[in-house]
Every structure is written in structure tokens, then in C-alpha cells.
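Chemist: Can you keep this structure in mind? I'll have questions shortly.
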Amino acid sequence: MYTLNHTDVDIDTTFDELVEPIAVRAAKPRCADGNGTLTHLFFSDIPLDTARAKAICSKCALADDCLAGALERAEPWGVWGGELVENGRVVVNKRPRGRPPKYPRPAVVIEEVPIPPHLLARPRTEQVA
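Numbering follows numbering that gives the first Met the number 0, with no gaps: position 122 of the sequence shown is 121.
Here it is in C-alpha cells:
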């Protein structure tokens, strides 16, 4: 029979690892909701959609890993890690179809729209009688 020495195992650390759910331990990208509801933004030809996707990525903790993985896989297109990727390379902006404009258009930059305070879940307060 094997017995554990108290010097081998830190009980507090082991307990926290066992009790903490896996979803809390693993970082989740902001773009992944499991339903693909944001896919149209990340693979769009519309500059405003691409800017929205970049705004979502700008606050993601996994953006650097996401971009590195996309470049390693040579992704053909899309927004990865806050950068627009085309043919496996980072590009500044996607060229729209048709003849190029006579004067270059400025890059579209958009901030992510915050959730209004009245829509956020508020903790219940107990009413004192």
C-alpha cells in the first residue's frame, strides 16, 4: 500500500485544482460562444464588420496566441488575433472589389460598444422590513 507524505502534497493547492471547474481554468477567447454568432464579422468583406471584429479581439487575452496560430497555419483570410490575415499574411486592409479609389480611404477604426448598465445583471439586495 502506498502512503502519501505530507511533504509531497500541498493539500490547499490540490484541493483548489480539484474543486475549480475546468472552464474557469482554461482561458476562453472572446469570439467563441459555441454557436458561431460572430463568424460573419471575422470573415466579412465589409470594412465596418472587420473593424468590429478587431475591436472584439483588442480586449481578448488570447489574441497573441490566436494570431501566431493563424500565421503558422497560413490561414487564407479573416480576422485573427486583432489583425486582418489574407493568404497567410497580415494585411492592413482588405482591398474591395472593383477599381481602386483615386484617393486612398482611411482605415476604419471602431470601439466595441459597451453593454448598457441597465442590461447588466445586478446582484439582488435583500429588502429590510
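Note that the Cβ used here is the ideal one computed from N, Cα and C, for glycine as well.
Looking at Asp44 and Lys93, is the spacing between their C-beta atoms short of 8 Å?
Modeler: Between Lys93 and Asp44, the CB-CB gap stays under 8 Å.
Chemist: Can you give the Cα-Cα distance for Pro116 and Gly77, rounded to whole angstroms?
Modeler: The alpha-carbon atoms of Pro116 and Gly77 are separated by roughly 32 Å.
Chemist: Starting from Glu71, follow the alpha helix (DSSP H) in both directions and report where the run begins and ends.
Modeler: Ala62 to Arg72
Chemist: Can you give me the Cβ contacts of Trp79 inside the same chain, cut-off strictly under 7 Å, excluding the 5 residues immediately before and after it?
Modeler: Cys65, Leu66 and Ala69
Chemist: Measure the alpha-carbon distance for Arg72 versus Asn86 and round it to whole angstroms.
Modeler: 10 Å
Chemist: Going by DSSP, which residues form a beta bridge with Glu85?
Modeler: Trp76 and Arg88
Chemist: Let me know the secondary structure DSSP gives Ile109 once reduced to three states.
Modeler: coil
Chemist: Around the C-beta of Arg51, are 16 or more other C-beta atoms found within 10 angstroms, so that it is buried, or is it exposed?
Modeler: buried
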